[in-house]
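J.: Sharing a structure, written as structure tokens. Questions coming.
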Amino acid sequence: MVINAAQLCEILKGELVGDGGQKIHGPSQIDAGIPGTVSFLANPKYEDYAYTTGASVLIVSRHFQPKFPMTASMIRVDDVYGAMMTLLEKFGSNGMPEPGISDLAVIGSNFDGGRNIAIGAYTVIEKGVSLGHNTVLFPQVFVGHDAVIGEDVVIYPGVRIYPNTVIGDRCIIHSNAVIGCDGFGYKPDENGHYTKINHVGKVLLEDDVEIGANTVIDRGTLTVTRIGRGTKIDNLVQIAHNVSIGEDTVIAAQAGIAGSASVGNQARIGGQVGIAGHIHLANRIEIQAQSGVHTGKYPEGSRIFGYPAINYMDYLKSYAVFKQLPEYMKRIEELEKQLEEIKKNTP
Amino acid sequence: MVINAAQLCEILKGELVGDGGQKIHGPSQIDAGIPGTVSFLANPKYEDYAYTTGASVLIVSRHFQPKFPMTASMIRVDDVYGAMMTLLEKFGSNGMPEPGISDLAVIGSNFDGGRNIAIGAYTVIEKGVSLGHNTVLFPQVFVGHDAVIGEDVVIYPGVRIYPNTVIGDRCIIHSNAVIGCDGFGYKPDENGHYTKINHVGKVLLEDDVEIGANTVIDRGTLTVTRIGRGTKIDNLVQIAHNVSIGEDTVIAAQAGIAGSASVGNQARIGGQVGIAGHIHLANRIEIQAQSGVHTGKYPEGSRIFGYPAINYMDYLKSYAVFKQLPEYMKRIEELEKQLEEIKKNTP
Amino acid sequence: MVINAAQLCEILKGELVGDGGQKIHGPSQIDAGIPGTVSFLANPKYEDYAYTTGASVLIVSRHFQPKFPMTASMIRVDDVYGAMMTLLEKFGSNGMPEPGISDLAVIGSNFDGGRNIAIGAYTVIEKGVSLGHNTVLFPQVFVGHDAVIGEDVVIYPGVRIYPNTVIGDRCIIHSNAVIGCDGFGYKPDENGHYTKINHVGKVLLEDDVEIGANTVIDRGTLTVTRIGRGTKIDNLVQIAHNVSIGEDTVIAAQAGIAGSASVGNQARIGGQVGIAGHIHLANRIEIQAQSGVHTGKYPEGSRIFGYPAINYMDYLKSYAVFKQLPEYMKRIEELEKQLEEIKKNTP
């Protein structure tokens, strides 16, 4: 797609300063700013690049006043970030497969497929599966029997969906994610040998959930492992059996949530966080990366950090002392010496 | 499957209190307790649910005496947990594919397959592979040349088995796990460029091992990476080259064990634990989640925690002080001030 | 391959001590030392095994003088480690597929394939992909449209390459790795619902990069996520959108690097390390396993540890005190008591 600066300005409902005839081939980062592209100044700390970028057009906030001359044309908008998202939509080649079912897919009995679905080569669908309108299964996907998948869903190559999984509308699942495998449950006998606990529950992804690449979500033991509406899960995350995640929660890469724990709505869980089993976290909890959460006692909206996690600022204050512990310990020894001295000299 | 309460009671060799004619369609959790289902009271802390659950039948321990009236029928058994496992077996639709080799599988030369094996569509088996009786390869599996796979094994969609891997009887491998890839070994030259060390070893999974989804086990450099009999490994775990894991050990999700380390029998390794390379851990070690283990010096049966890991209770005690460090530091400062005062006033 | 000790010695340009006619079937570890194999004494701490190993030939350093009688023949070489690598090359059955394009692969329009390429069964290549000479795609690989893959590349079963990815020469990508999926970027609206940010950037793997099994590398938002020449990445690693990794850097298993961070050349990143977003690390940084890196302020060549990471030795010293905190706290209390006593007795 090629577009000129004036057309771009109209799309963004902005105000153009400079040459409207400049041709734009795509977006770029302000610091890499390439001629023939449009860049963005969203964060004021990058303002210096505004004067040096090679990009032809720069989108800035409505109130931006340059301090130095600029070579790029400017488009002033109310919401720079929103404008960037609009442009990414415009220029993005989404590369979705055309609707149609590949001759090289295997589809089981009692298949119930909606309008405009796409099913790629070497995808295998077991019996009794239903697929909503406009849903796309890329090549090499596996869908177990009796799974129910909603409308406008996108499932990338190599995703494995175990039987009975339920997936809502507009979900996106990235490559090689595994949804609905058995939970990690065993019963030890008197000799310490483990017998597997059969898992008959399932996974429920509500509407508008996105699941990252190579993430794993275990099915429930008896009932359901649930990911709430609008929740977004990054790559390589582990969600164990019987977990319940609320709505509009974000979980960063490599976090892990142990069995039967629950997380509330609008929580923010950092990368590599671990959450212990059987605890229940309030809404809007914010957990710093790598923290270990062993209890659910934090009030709604808490920001926590550490291992085990405590209040964020408290952890930072304690850690500031931790870094100086050897020195503080010398002060204790010095105190002891002086006190000894005083006692010796006191009759 | 539908069954009535009296039949259920007979299967479980229990004692029925209440209506034996109630129809049961499946199991449920006590707190979700749905009419027409059977629930379990295994943990006394959930006793309150016994009086409110909508489940039609509740399985309780032999000595359970209700304090309030119950609407559910009761089945008293010696081992509630064991009864639950029996029922999960009964009601679980295991959904295993029927025996048979798909026309859409590719099978290399010198294949040696047992009785009643199942090989799914788009599975690829290289030359010289052997497969024991009743073993199931789901669709989209890859098995490298000369791999030896035992009897009654189940390998889920998307598992990749590199050449020469040896897998014992009754192993289960979940989707997208990778068994036998090259270890992370390189030799730096004088310029800091790395040359890959060729790996000629293999992976050995002994009998009754279960491997979680997206877990990775590297082959040995020269010899073998070994997972001992009965050991269970959760999702997204990393086992590096030349590692040896003992028997009846459990390893929770996202743990990682570095090269040439060994773990004993009946160990319990928490989620996200890291174990350093070249250390040797005793039997029955219990490692708390997220711990970092840098030495093998802990005695058999130790319970450890922290980063680096120390005795569990010691870590908790030190961490209790850590949380109050800023306050303790003020006490040191106060002591210094007072001592200064005393010295000033002492002739 | 079978070879005798004298031939082996010639290949390694070594000096033979003992019987040159012994037949060697392969390499083995010194402690497992199996008759008919060649072992290595690279690390002096394993010297005891030299006198007990069952291996027929032992490769030792040029200056090694046995203190006790040995049953194995010796080959003295300048570089034991280098000799080991040479032998692993010799004895390793690399098992690479023969050149040729499987009839069971699906290849899109405008495919540009080099000489001697191999493409396995059930691999899917979308339109506009180019593949350099001698490159191997194993079965069950997915390559998105317009990807550009160099020469002598090996891509193992189940790897998923999203559209527009660029892969240099001699790269190796292990099973079920995912390259180029969308980054974890969303814009929250006033109600806390998240809207996905479309990602139009790509992933660039420069020459001689190796990527471990089940590792995930997100594409750039606008431009590129870059892995520099010669860099090696282990299994289950997360590289977020817009990250840039320098050359000849090694990243151990389960490490995670958050969005828009950069890592320099010749860095060494331990297992399970987390690196925060938007920070820039100097060259030759060495980060201990499980550390959390929240800032880029460390000088070139620093060795760091902890959570958040500080200087390696400083962390160890502080942690040594941490382990004794309960005892130190008693000493503070004792000081307070004594001081109180002194003040009481001072007129």
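Note that the protein sequences, when read in sequence, are chains A, B and C.
Numbering-wise, the first sequence is residues 12 to 358 according to our numbering.
Numbering-wise, the second sequence is residues 12 to 358 according to our numbering.
Numbering-wise, the third sequence is residues 12 to 358 according to our numbering.
Positions of the beta carbon are idealized from the N, C-alpha and C atoms, including for glycine.
(1) Could you tell me the boundaries of the alpha helix (DSSP H) in which A320 (chain A) lies?
(2) State the Cα-Cα distance for the pair G8 (chain C) and G281 (chain C), rounded to the nearest angstrom.
(3) My parser needs the beta strand (DSSP E) runs of 3 or more residues fully inside the segment 221 to 298 of chain C; what are they?
(4) Locate the beta strand (DSSP E) running through G317 (chain B), then write down its first and last residues.
(5) Any contact between the segment 78 to 86 of chain B and the segment 341 to 358 of chain A? By contact I mean 3 or more CB pairs, one from each, below 8 angstroms.
(6) Can you name the residues of chain A whose CB is closer than 8 angstroms to the CB of M340 (chain B)?
(7) Can you name, in chain order, every residue of its own chain whose Cβ lies under 8 angstroms from the Cβ of Y57 (chain A), other than the five neighbours on each side?
(8) Give me the Cα-Cα distance between K101 (chain C) and R237 (chain C), rounded to the nearest whole angstrom.
(9) Pull up the distance between the alpha-carbon of I256 (chain A) and that of S50 (chain B), whole angstroms please.
(10) Is A94 (chain A) closer than 8 angstroms to L27 (chain A) when the C-beta atoms are compared?
(11) 8 angstroms is my cut-off, CB to CB: does T234 (chain C) come that close to chain A?
(12) Beta-carbon within less than 7 angstroms of K138 (chain B)'s beta-carbon, same chain only, minus the 5 sequence neighbours each way: which residues are those?
(13) Report the neighbours of E221 (chain B) on chain A: residues whose CB is nearer than 9 angstroms to its CB, in chain order.
(14) Decide if the segment 344 to 358 of chain A is in contact with the segment 60 to 70 of chain B; the criterion is three or more beta carbon pairs, one per stretch, under 8 angstroms apart.
(15) Count the other C-beta atoms from every protein chain shown that fall within 10 angstroms of the C-beta of L327 (chain A), then say buried if there are 16 or more, exposed otherwise.
(16) Comparing the C-beta of Y133 (chain A) with each C-beta of chain B, is any distance below 8 angstroms?
(17) Mind listing the chain B neighbours of P77 (chain A)? Cutoff is C-beta to C-beta under 7 angstroms, in chain order.
(18) To be precise: take each residue of the segment 81 to 110 of chain B, compare its Cβ to all Cβ atoms of chain C, and keep it if any distance is under 8 angstroms. Which residues remain?
(19) I want to see whether chain B comes within less than 8 angstroms of P38 (chain C), judged by CB atoms only; does it?
(20) Rounded to whole angstroms, what is the Cα-Cα separation between T234 (chain A) and N253 (chain A)?
(21) Going along chain A, which residues have a C-beta under 9 angstroms from Y167 (chain B)?
(22) Whole angstroms are fine: how far does the CA of A266 (chain C) sit from the CA of G288 (chain B)?
(23) Cβ closer than 7 angstroms: which chain C residues qualify as neighbours of Q301 (chain A)?
(24) Closest by CA to G312 (chain C), which one among C:E352, C:T260, C:G303?
(25) Inspect the CB distances between the segment 202 to 217 of chain A and the segment 177 to 193 of chain A and report whether three or more fall short of 8 angstroms.
(26) Rounded to a whole number of angstroms, what is the C-alpha to C-alpha distance between Y318 (chain B) and A320 (chain A)?
(27) Just curious, the alpha helix (DSSP H) that I190 (chain C) is in, first and last residue?
(28) By DSSP's criteria, M85 (chain A) is part of a beta bridge. Which residues make up the other side?
(29) On the premise that A263 (chain C) lies in contact with A224 (chain C), defined as a C-beta separation below 8 angstroms, what is that separation, rounded to the nearest angstrom?
(30) Please list, in chain order, the chain C residues whose beta carbon lies closer than 8 angstroms to that of I112 (chain B).
(31) Name the DSSP bridge partner or partners of F153 (chain B)?
(32) Taking the C-alpha atoms as reference points, what is the distance between S113 (chain A) and S39 (chain B)?
(33) Is the Cβ-Cβ distance between S329 (chain C) and L336 (chain A) less than 8 angstroms?
(34) Are there 16 or more other CB atoms within 10 angstroms of the CB of T64 (chain A), so buried, or fewer, so exposed?
(35) Name the DSSP beta bridge partners of I41 (chain A), please?
(36) Compare the C-beta of S120 (chain C) with all C-beta atoms of chain A and state if any pair is closer than 8 angstroms.
T.: In brief:
(1) Sequence index remark: in the first sequence, residue 320 (chain A) carries index 309 (1-based). Membership of A320 (chain A) in any alpha helix (DSSP H) is not indicated; the residue belongs instead to the beta strand (DSSP E) covering 320 to 322.
(2) The requested residue 8 (chain C) does not occur in the structure, where chain C is confined to residues 12 to 358.
(3) Within the segment 221 to 298 of chain C, the complete beta strand (DSSP E) runs of at least 3 residues are 227 to 229, 235 to 238.
(4) Reading the second sequence from its first residue, position 306 is the one you call residue 317 (chain B). First-last of the beta strand (DSSP E) with G317 (chain B): 314 to 317.
(5) The segment 78 to 86 of chain B, when compared against the segment 341 to 358 of chain A, does not touch it at the 8 angstroms Cβ threshold.
(6) By 1-based counting over the second sequence, the position of residue 340 (chain B) is 329. The answer, in chain order, is V332, Y339.
(7) Start at 1 with the first residue of the first sequence, and residue 57 (chain A) comes out as number 46. Within the same chain, Y57 (chain A) has close Cβ partners I41, D42.
(8) For the purposes of this step, residue 101 (chain C) is taken as the residue at position 90 of the third sequence. For the purposes of this step, residue 237 (chain C) is taken as the residue at position 226 of the third sequence. Their backbone Cα atoms lie some 34 angstroms apart in a straight line.
(9) Locating residue 256 (chain A) in the first sequence gives position 245, where the first residue counts as 1. Locating residue 50 (chain B) in the second sequence gives position 39, where the first residue counts as 1. Their Cα atoms are separated by approximately 23 angstroms.
(10) The residue labelled residue 27 (chain A) in the question sits at position 16 within the first sequence. The residue labelled residue 94 (chain A) in the question sits at position 83 within the first sequence. No. Outside cutoff.
(11) Against the third sequence, residue 234 (chain C) aligns to sequence position 223. Flagged as an interface residue toward chain A: T234 (chain C), by a C-beta distance shorter than 8 angstroms.
(12) Counted from its first residue, the second sequence places residue 138 (chain B) at position 127. Closer than 7 angstroms at Cβ, skipping near neighbours: G119, S120, N121, H156.
(13) By 1-based counting over the second sequence, the position of residue 221 (chain B) is 210. Under the 9 angstroms cutoff, chain A gives D193, F195, Y197, Y205, K207.
(14) No: the two stretches stay apart, fewer than three of their Cβ pairs being nearer than 8 angstroms.
(15) Working through the first sequence from its first residue, we reach residue 327 (chain A) at position 316. By the Cβ neighbour-count rule, L327 (chain A) is exposed, with fewer than 16 other Cβ atoms within 10 Å of its own.
(16) Translated into the one-based positions of the first sequence, residue 133 (chain A) becomes position 122. Closer than 8 angstroms to some Cβ of chain B, the Cβ of Y133 (chain A) qualifies, so yes.
(17) Start at 1 with the first residue of the first sequence, and residue 77 (chain A) comes out as number 66. Chain B residues near P77 (chain A): none, gap ~44 angstroms exceeds 7 angstroms.
(18) Answer set for the segment 81 to 110 of chain B: empty.
(19) Position 27 of the third sequence, counted from the first residue, corresponds to residue 38 (chain C). Output row for P38 (chain C): interface = yes.
(20) As a position in the first sequence, residue 234 (chain A) is number 223, starting the count at 1. As a position in the first sequence, residue 253 (chain A) is number 242, starting the count at 1. Taking the straight line from one Cα to the other gives about 7 angstroms.
(21) For the purposes of this step, residue 167 (chain B) is identified with residue 156 of the second sequence, where counting begins at 1. Under the 9 angstroms cutoff, chain A gives F153, R171, Y173, V189, C192.
(22) Within the second sequence, numbered from 1, the residue matching residue 288 (chain B) stands at position 277. Within the third sequence, numbered from 1, the residue matching residue 266 (chain C) stands at position 255. Cα to Cα, the separation comes out at about 16 angstroms.
(23) Here residue 301 (chain A) refers to the residue found at position 290 when the first sequence is read from its first residue. G285, G303, Y318, listed in chain order.
(24) The count along the third sequence starts at 1 and reaches residue 312 (chain C) at position 301. The residue among C:E352, C:T260, C:G303 with its C-alpha nearest the C-alpha of G312 (chain C) is C:T260.
(25) By the criterion of at least three beta-carbon pairs nearer than 8 angstroms, the segment 202 to 217 of chain A is in contact with the segment 177 to 193 of chain A.
(26) Position 307 of the second sequence, counted from the start, is the residue given in the question as residue 318 (chain B). Position 309 of the first sequence, counted from the start, is the residue given in the question as residue 320 (chain A). When rounded, the distance between both Cα atoms is 14 angstroms.
(27) Reading the third sequence from its first residue, position 179 is the one you call residue 190 (chain C). From DSSP, I190 (chain C) is part of no alpha helix (DSSP H) but of the beta strand (DSSP E) over 189 to 192.
(28) Along the first sequence, one-based indexing puts residue 85 (chain A) at 74. Assignment of beta-bridge partners to M85 (chain A) by DSSP yields A:V28, A:L69.
(29) As a working note, residue 224 (chain C) is residue 213 in the third sequence. As a working note, residue 263 (chain C) is residue 252 in the third sequence. Incorrect: roughly 14 angstroms between the Cβ atoms, too far for contact.
(30) On the second sequence, residue 112 (chain B) is found 101 positions in, with the first residue counted as 1. The contacting residues do not exist; I112 (chain B) stays about 15 angstroms from chain C at best.
(31) Here residue 153 (chain B) corresponds to residue number 142 of the second sequence, with the count starting at 1. According to DSSP, F153 (chain B) bridges with B:V135, B:R171.
(32) Position 102 of the first sequence, counted from the start, is the residue given in the question as residue 113 (chain A). Position 28 of the second sequence, counted from the start, is the residue given in the question as residue 39 (chain B). Going by the C-alpha atoms only, they are around 39 angstroms apart.
(33) To locate residue 329 (chain C), count along the third sequence from 1; it is residue 318. To locate residue 336 (chain A), count along the first sequence from 1; it is residue 325. Cβ atoms of S329 (chain C) and L336 (chain A): closer than 8 angstroms.
(34) Residue 64 (chain A) sits at position 53 when you count from the first residue of the first sequence. With 16 or more Cβ atoms within 10 Å of its Cβ, T64 (chain A) is classed as buried.
(35) Counted from its first residue, the first sequence places residue 41 (chain A) at position 30. DSSP, once it has assigned bridges, lists no residue as partnering I41 (chain A).
(36) For the purposes of this step, residue 120 (chain C) is taken as the residue at position 109 of the third sequence. Not a single CB atom of chain A sits nearer than 8 angstroms to the CB of S120 (chain C).
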